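Participant: Take a look at this one; I'll ask things after.
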Amino acid sequence: MRNDLRAQKSLGQKIGTFVFFLVGFWFLYLTMHDPYSGEWNPPKNFAMVTHRIEFGVKSTFTSAKDAMVDTNASMQSTVNERNDRNDSRIERDTAN
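Position 44 (the sequence shown) corresponds to 967 in my numbering; numbering is contiguous.
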């Protein structure tokens, strides 16, 4: 009888287990679902994984439109920084 009582989970343990799996499935959904095309496909690299999770978290707590605007602005600033670095390299390499 005593072993039966020890085997039962408390309500807190049950809630904790539920939340753990809920968050796990939520991150799996955010990783495997492409928000732009609406299709299920695996990400090609780790950057895409982080982008999808970041977008999913933003769109969960704000509107999807605001999340798209923020994400696109962030991506555009990254592209601009890369372009600036490439321009400076080209100028340096072609200066004679």
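Even for Gly, the Cβ is constructed at its ideal location relative to N, Cα and C.
None of these values were measured; they are calculated from a predicted model.
How many Å lie between K988 and G935 at the Cα?
Facilitator: If you take the alpha carbons of K988 and G935, they lie about 37 Å apart.
Participant: By how many angstroms is the C-alpha of S960 removed from the C-alpha of P966?
Facilitator: In a straight line, the C-alpha of P966 is about 13 Å away from that of S960.
Participant: Identify which residue in N995, N1006 and M971 has its Cα closest to the Cα of L953.
Facilitator: Ranking N995, N1006 and M971 by Cα distance to L953 puts M971 first.
Participant: Indicate whether F978 and T1001 have their beta-carbon atoms separated by less than 8 Å.
Facilitator: No, they are not a contact pair.
Participant: Is A1018 buried or exposed, if buried means 16 or more other CB atoms sit within 10 Å of its CB?
Facilitator: Under this definition A1018 is an exposed residue.
Participant: Report the residue from T973, E1014, H974 and A990 whose alpha carbon sits nearest the alpha carbon of K981.
Facilitator: Minimum Cα distance to K981 is reached at A990.
Participant: Just to confirm before moving on: does the CB-CB distance between W963 and H956 stay below 8 Å?
Facilitator: Their beta carbons are under 8 Å apart, which means W963 touches H956 by this criterion.
Participant: Within the continuous alpha helix (DSSP H) that includes Q936, where are the two ends?
Facilitator: Its alpha helix (DSSP H) spans residues L934 to M955.
Participant: Compare the beta carbon distance of F950 and I976 with 8 Å and say whether it is the shorter of the two.
Facilitator: For F950 and I976, yes; Cβs fall inside 8 Å.
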